[in-house]
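Q: Going by our numbering, the sequence shown wraps up at 472, each residue one higher than the last.
Even glycine gets a Cβ: it sits at the ideal position worked out from N, Cα and C.
Got a structure here, written out as structure tokens. Questions coming.
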Amino acid sequence: MDLNSLVCLSLGLQEIIIERHQFSEQHQKLVIHAKLPLSEARCKKCFFDFLDLHQWHEKTIRIPTIGISNKVFLHLKYPRGHCFFCQKVMAADLYFIHPEFKGLSCSFVEVAGRMMEETTCAAAARLTCCNRKLLWKVDQWRMKYMKKYYSLPTNLDCSRMSADEVHFITQKNKKRENPFSPRRHIKYITNLVCSTKSKVVANASGREYGSLKNCLNLLSDEQKDSIKFFSLDMHADFFKAVRELCPNAEIAVDRYHLVESMNKVFNELRKDEFRAAKKRNDEFQVGMLEPGRRFILMQRNPDLSIEEHNLLGKLKMLNVNINAGMLIVDYFHRVLDQTGLSKFRERLVKWYGLVRDSKLKSFRKFALQVRKYRKNIEAYIKSNLTTAISEGLNNKIKVLKRMGYNYTNEKSFKNKILQRCGFLNSRFIDTNFMFWHVPYPQI
Ligand SMILES: [Zn+2]
């Protein structure tokens, strides 16, 4: 292989002849002047050879970086000739130019696209010295194009799945018809997660029965049947969808959501006691129960100083309800820590007793909910589905949202989630051919 071919190969160009180059040290800009010889040129339409030359054309195209030079342009001279087959004057076929973005080569689009799989469009724009709006369009186009090739891996282990919603956007309700209509619309996106691979498999807008159904319908029947455990939060619509579509799945309630709703109940109790203490003018209790201190009250917090421990002890002595609440929370964690079913049931009965004795209304309500979902909590204990995966993914999605300074386009956000946390990227879809040529017509 000679040097010319090597350069063409490494830049994803078709066979052209490089004539000279200009390098500006100040701007790190490299312009490569090249020519597509008439003998190599083919008709754009029928790919036949040209009979003779009509005229030479010139074009400047953005190509990927070479070594230290970030801005690399290809200044290409190419022929228009008489086509033997078409009986017309036709331009030469330049298949390395991107069919959607005429000023960029396919290789540049692919390199920048792979960069944008990992980072934001703005960061990729800085790294490639390109316009970020253009790169945003490139990213959108690429995700849309790759969706055409998108399919779940056939050997995907679907035995453990989970579903969860993430917050997408809160919009002001501009058309409020009456004073009782909501001030804001909150939009969510439902993600279907494969827990064994910790990847988002599918997503849909909303958090209703239909949203999860849409997600599940993307799985094949065999995959749906192979689901053994399905981890959900306590959301009736999701339960309905899973029961209907996945006959073999046992629904497990997510520990994270369970603990979250319990913490909410405890926080309500703290608020009530805070108000009561304020009325009594009890300075110590007001100070201990104020909103900023609520994390001290979570006993699982291991970083408490000795002083904080002492204050907490004093509070527990003074306030019976808070003491009981903290005991219930702590014991519930211990119930969930059990790995065997019989031990879990034994401890749960004790926990019910604890709640009953405390006579705290809010916790009693919570206990009723626990009783209702007992079978599902048992499924969690059996499957030992950890919440780390869904929590981690949710965190990743939050980071993604922040990095993009929030998304407003729902479709783009959904695709982006699939790209970052799922299978819509070059690691799972073979896009190597896109370095050279993007088949037309596309999308
Ligand atoms: Zn032709």
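Between the C-alpha atoms of N232 and K443, what's the straight-line distance to the nearest angstrom?
A: Counted from its first residue, the sequence shown places residue 232 at position 203. Counted from its first residue, the sequence shown places residue 443 at position 414. Computed Cα separation, rounded: 7 Å.
Q: Less than 7 Å separating the Cβ of F52 from some heavy atom of ligand 1?
A: In the sequence shown, counting from the first residue as 1, residue 52 sits at position 23. Answer for F52: no, Cβ out of range of ligand 1.
Q: Check whether the region 182-194 and the region 372-387 are in contact - that is, three or more C-beta pairs closer than 8 Å.
A: In short, these stretches do not touch, since the Cβ pair count stays below three.
Q: Determine the extent of the beta strand (DSSP E) in which D81 is found, giving its start and end residues.
A: Along the sequence shown, one-based indexing puts residue 81 at 52. Residues 79-92.
Q: What separation, rounded to the nearest whole angstrom, lies between the Cα atoms of V378 and K203?
A: In the sequence shown, residue 378 corresponds to position 349, counting from 1. In the sequence shown, residue 203 corresponds to position 174, counting from 1. So the alpha carbons of these two residues sit roughly 50 Å apart.
Q: Can you tell me where the beta strand (DSSP E) with S260 in it begins and where it stops?
A: Position 231 of the sequence shown holds residue 260. 258-261 is the extent of the beta strand (DSSP E) around S260.
Q: T437: buried (16+ other C-beta within 10 angstroms of its C-beta) or exposed?
A: On the sequence shown, residue 437 is found 408 positions in, with the first residue counted as 1. It is exposed - the Cβ of T437 has fewer than 16 other Cβ atoms within 10 Å.
Q: Specify, as a first and last residue, the run of the alpha helix (DSSP H) that F361 falls within.
A: For the purposes of this step, residue 361 is taken as residue 332 along the sequence shown, with counting starting at 1. Unbroken alpha helix (DSSP H) run through F361: 349-366.
Q: So who's on the other strand from N220, going by DSSP bridges?
A: Here residue 220 refers to the residue found at position 191 when the sequence shown is read from its first residue. DSSP output for N220 lists D193, N232 as bridge partner(s).
Q: Nearest to K162 by alpha carbon, out of L42, M190, F130?
A: In the sequence shown, the residue the question calls residue 162 occupies position 133. Per the Cα distances, F130.
Q: Which whole-angstrom value is the C-beta distance of Y178 and V195, which I expect to be below 8 Å?
A: Taking the first residue of the sequence shown as 1, we reach residue 178 at position 149. Taking the first residue of the sequence shown as 1, we reach residue 195 at position 166. Rounded, the Cβ-Cβ distance is 25 Å, inconsistent with contact.
Q: For E139, which of K228, P93, N160, N99 has the nearest alpha-carbon?
A: Reading the sequence shown from its first residue, position 110 is the one you call residue 139. Measuring from the Cα of E139, the nearest candidate turns out to be P93.
Q: Quick check: I256 and M190, are their CB atoms within less than 8 Å of each other?
A: Here the question's residue 256 lines up with position 227 in the sequence shown. Here the question's residue 190 lines up with position 161 in the sequence shown. Cβ atoms of I256 and M190: closer than 8 Å.
Q: May I ask you to check if the CB of M119 is nearer than 7 Å to at least one heavy atom of ligand 1?
A: Reading the sequence shown from its first residue, position 90 is the one you call residue 119. Yes.
Q: By how many angstroms is the C-alpha of P128 removed from the C-alpha of E44?
A: The residue given as residue 44 occupies position 15 in the sequence shown. The residue given as residue 128 occupies position 99 in the sequence shown. Going from the Cα of E44 to the Cα of P128 covers about 18 Å.
Q: Taking the beta carbon of F395 as the centre, do at least 16 other beta carbons fall within 10 Å, making it buried, or is it exposed?
A: In the sequence shown, the residue the question calls residue 395 occupies position 366. With 16 or more other Cβ atoms within 10 Å, it is buried.
Q: Kindly indicate which three-state DSSP category S53 falls into: helix, strand or coil?
A: Position 24 of the sequence shown holds residue 53. S53 falls in the strand class under three-state DSSP.
Q: Go ahead and pull the three-state DSSP assignment for A63.
A: Here residue 63 corresponds to residue number 34 of the sequence shown, with the count starting at 1. Here A63 sits in strand by DSSP.
Q: Buried or exposed: C187, going by 16 or more other Cβ atoms within 10 Å of its Cβ?
A: Position 158 of the sequence shown, counted from the first residue, corresponds to residue 187. Buried, by the Cβ-count rule.
Q: Would you list the one or two residues that DSSP bridges to E279?
A: Position 250 of the sequence shown, counted from the start, is the residue given in the question as residue 279. Answer by DSSP bridge pairing, in chain order: F258.
Q: Is the closest heavy atom of ligand 1 to the C-beta of K269 under 7 Å?
A: The count along the sequence shown starts at 1 and reaches residue 269 at position 240. No.
Q: If I measure Cβ to Cβ from M432 and keep anything under 7 Å in the same chain, skipping five residues before and after, which residues do I get?
A: Taking the sequence shown and counting its residues from 1, the one referred to as residue 432 is at position 403. Answer for M432: T149, listed in chain order.
Q: Can you tell me whether C150 sits near ligand 1, meaning its C-beta is under 7 Å from at least one heavy atom of the ligand?
A: Numbered from 1 along the sequence shown, position 121 holds the residue referred to as residue 150. Not so, every heavy atom of ligand 1 lies at least 7 Å from the Cβ.
Q: Less than 6 Å between C-beta atoms, sequence neighbours within five positions excluded: which residues of the same chain meet that for L133?
A: The count along the sequence shown starts at 1 and reaches residue 133 at position 104. Excluding positions up to five away in sequence, the list reads R91, H127.
Q: Check whether the region 396-414 and the region 276-285 touch, using three or more Cβ-Cβ pairs below 8 Å as the test.
A: Yes, they touch.
Q: Specify the secondary structure class of T199 as computed by DSSP and reduced to three states.
A: Counting from 1 along the sequence shown, the entry for residue 199 is found at position 170. In this structure, T199 counts as strand in the three-state DSSP scheme.
Q: What are the start and end residues of the alpha helix (DSSP H) that includes H476?
A: Residue coverage of the chain in this structure runs from 30 to 472, which leaves residue 476 outside it and unanswerable.
Q: Is there a Cβ from chain D that is less than 8 Å from the Cβ of C187?
A: Reference to chain D is not applicable here, since this structure consists of a single protein chain.
Q: With DSSP as the reference, please indicate the residues paired to L245 in a beta bridge.
A: Here residue 245 refers to the residue found at position 216 when the sequence shown is read from its first residue. In the DSSP output, where bridge partners are listed per residue, L245 has none listed.
Q: What does the Cβ neighbour count give for S39, buried or exposed, with the cut at 16 atoms within 10 Å?
A: For the purposes of this step, residue 39 is taken as the residue at position 10 of the sequence shown. Looking at its Cβ environment, which holds fewer than 16 other Cβ atoms inside 10 Å, S39 is exposed.
Q: Buried or exposed for Y434, please, with buried defined as at least 16 other CB atoms from any protein chain shown within 10 angstroms of its CB.
A: As a position in the sequence shown, residue 434 is number 405, starting the count at 1. Counting Cβ neighbours within 10 Å, Y434 comes out exposed, since fewer than 16 surround it.
Q: Between G110 and A70, which are expected to be in contact by the criterion C-beta below 8 Å, what is the C-beta distance as a whole number of angstroms?
A: Here the question's residue 110 lines up with position 81 in the sequence shown. Here the question's residue 70 lines up with position 41 in the sequence shown. That belief holds up - the Cβ atoms of G110 and A70 are roughly 7 Å apart, short of 8 Å.
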